[in-house]
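Residue numbers (this note's numbering): 337 to 605. For glycine and all other residues, C-beta sits at the position ideal for the given N, C-alpha and C. Inspection log for the structure reproduced underneath, given as structure tokens.
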Amino acid sequence: MSIALTPAVRRTAAAVLTAALLVPLSACGSDDKTDGSENAGAAKDAAPKAELTVLAASSLTDVFETAGAAYEKKNPGTKVNFSFAGSQELAAQVNQGAPADALVTADTKTMDGLTSDTGKPTVIAKNRLVIAVGEGNPKKVAALKDLSDSGLKVVLAASEVPVGRYSKQILDAQDVDVKPVSEEPNVRAVLSKVELGEADAGLVYKTDAATSTKKTDAVKIPDAQNAIAEYPAATLKTSQHGEAAAAFVKWLSTPEAQKILQDAGFEKP
């Protein structure tokens with residue numbers, strides 16, 4: 337038996353059916369819009385606010401890798417890439433127009449020679465020298481004067497390298513005549529010679545010696561006979577990310593960065 341529907345009933349049924357069909361479609365549309373927005377936001381967050389290139393002295397290699405990771409964690413979207421070399425090599429790169437955002441050298445003399453290329457530098461750390469010797473100190477090196485022994489193979493950094501200048505300074509002050517078997521382009525190369533047994537001793541920063549405790553030992557040099565290395569940091573005027581570069585250089589003087597530097601053996605600026 338067929339039932340006749342009144343016009344009012346037919347209109348109500350049609351409205352209910354239409355609503356039922358539209359609900360899942362609108363819900364799907366809403367989900368798609370939300371997902372797209374979230375994905376776009378995630379992609380935006382993943383994109384670096386700035387990718388910085390920092391030219392840094394070789395003796396900062398280990399500690400700056402740690403500092404860079406800490407800075408990136410604190411500043412999502414900023415990537416810090418380091419280029420490590422002897423300070424004199426870094427200065428040459430700046431003079432040649434190498435694309436970079438900031439510079440950290442192991443002496444103020446090198447930085448002072450680049451005043452037309454940098455912002456105002458700030459000293460972020462200090463360092464001292466030690467005598468690196470083979471593990472167990474087989475040659476029984478005890479002091480700077482021992483480095484003049486003609487039977488000892490000593491390696492130094494070249495005189496144009498900051499650690500080489502510091503080495504010459506303290507040796508001359510103690511009237512110690514050293515004839516090195518080689519002169520290296522940076523402090524890490526000096527340390528490597530001792531690690532490989534190609535030299536019996538070499539003058540390096542105490543922080544570098546601390547990275548090689550399983551291969552070398554360090555003989556302390558009394559403060560009165562030592563030199564203090566200063567590490568200035570500055571932005572580069574050619575930086576394409578001036579604001580981000582300035583923020584990183586400023587961060588190097590914060591308590592967080594200073595703790596990282598001092599935990600690695602660097603001294604307060």
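Rounded to a whole number of angstroms, what is the C-alpha to C-alpha distance between residue i and residue j?
i	j	result
residue 523	residue 542	11 Å
residue 489	residue 509	21 Å
residue 325	residue 582	What the structure shows of the chain is the stretch from 337 to 605, and residue 325 is not part of that stretch, so it cannot be assessed.
residue 600	residue 589	15 Å
residue 404	residue 566	20 Å
residue 402	residue 587	14 Å
residue 562	residue 503	9 Å
residue 385	residue 413	5 Å
residue 379	residue 438	In this prediction, residue 379 scores a pLDDT of 40, lower than 50, which makes its location untrustworthy; the coordinate-derived value is nonetheless stated afterwards. Taking the straight line joining both Cα atoms gives about 27 Å.
residue 603	residue 487	34 Å
residue 432	residue 426	10 Å
residue 390	residue 416	7 Å
residue 409	residue 593	13 Å
residue 440	residue 497	14 Å
residue 516	residue 469	14 Å
residue 418	residue 519	25 Å
Report the residue from the options whose alpha carbon sits nearest the alpha carbon of residue i.
i	options	result
residue 473	588, 388 and 550	550
residue 578	546, 504 and 453	453
residue 479	458, 506 and 432	506
residue 569	491, 445 and 540	445
residue 544	485, 559, 467 and 482	467
residue 495	455, 585, 422 and 410	422
residue 591	406, 387, 389 and 424	406
residue 393	574, 554, 424 and 512	424
residue 514	419, 558, 557 and 484	484
residue 420	558, 525, 573 and 529	525
residue 475	605, 530 and 595	530
Can you tell me the Cβ-Cβ gap for residue i and residue j, rounded? I've got them flagged as a contact below 8 Å.
i	j	result
residue 532	residue 548	Not quite, the Cβ-Cβ distance comes to about 11 Å (not below 8 Å), so this is no contact.
residue 499	residue 442	7 Å
residue 537	residue 477	5 Å
residue 554	residue 491	At roughly 15 Å, the Cβ-Cβ gap does not stay under 8 Å, so residue 554 and residue 491 are not in contact.
Distance cutoff 9 Å, beta carbons only. Does residue i sit that close to anything in chain C?
i	result
residue 588	This model lacks chain C altogether; it includes just one protein chain.
CB-CB under 7 Å to residue i, same chain, minus the five flanking residues each way: which ones, in chain order?
i	result
residue 564	462 and 464
residue 449	427
In chain order, what residues of the same chain lie with their CB nearer than 6 Å to the CB of residue i, ignoring the 5 residues before and after it?
i	result
residue 585	438, 569 and 571
residue 540	468, 523, 526 and 527
Kindly list the residues whose CB is nearer than 8 Å to the CB of residue i, restricted to its own chain and excluding five residues on each side of it in sequence; keep chain order.
i	result
residue 501	443, 445 and 495
residue 481	510 and 512
residue 436	389, 390, 391, 419, 429, 430, 572, 574 and 575
Practice prompt. Enumerate, from N- to C-terminal direction, the unbroken alpha helix (DSSP H) stretches of 4 or more residues contained entirely within the stretch 396-460.
Written response: List check, alpha helix (DSSP H) in window: 397-410, 423-431 and 444-448.
Fill in: Segments of 4+ residues assigned as alpha helix (DSSP H) that fall wholly inside the stretch 459-517
The DSSP assignment places complete alpha helix (DSSP H) segments of no fewer than 4 residues inside the stretch 459-517 at 498-509, in order along the chain.
Item to complete: Taking only runs that begin and end inside the stretch 509-559, name each unbroken beta strand (DSSP E) of 3 or more residues, in chain order.
Response: Within the stretch 509-559, the runs of beta strand (DSSP E) that reach at least 3 residues and sit entirely inside it are, in chain order, 518-520, 537-541 and 552-556.
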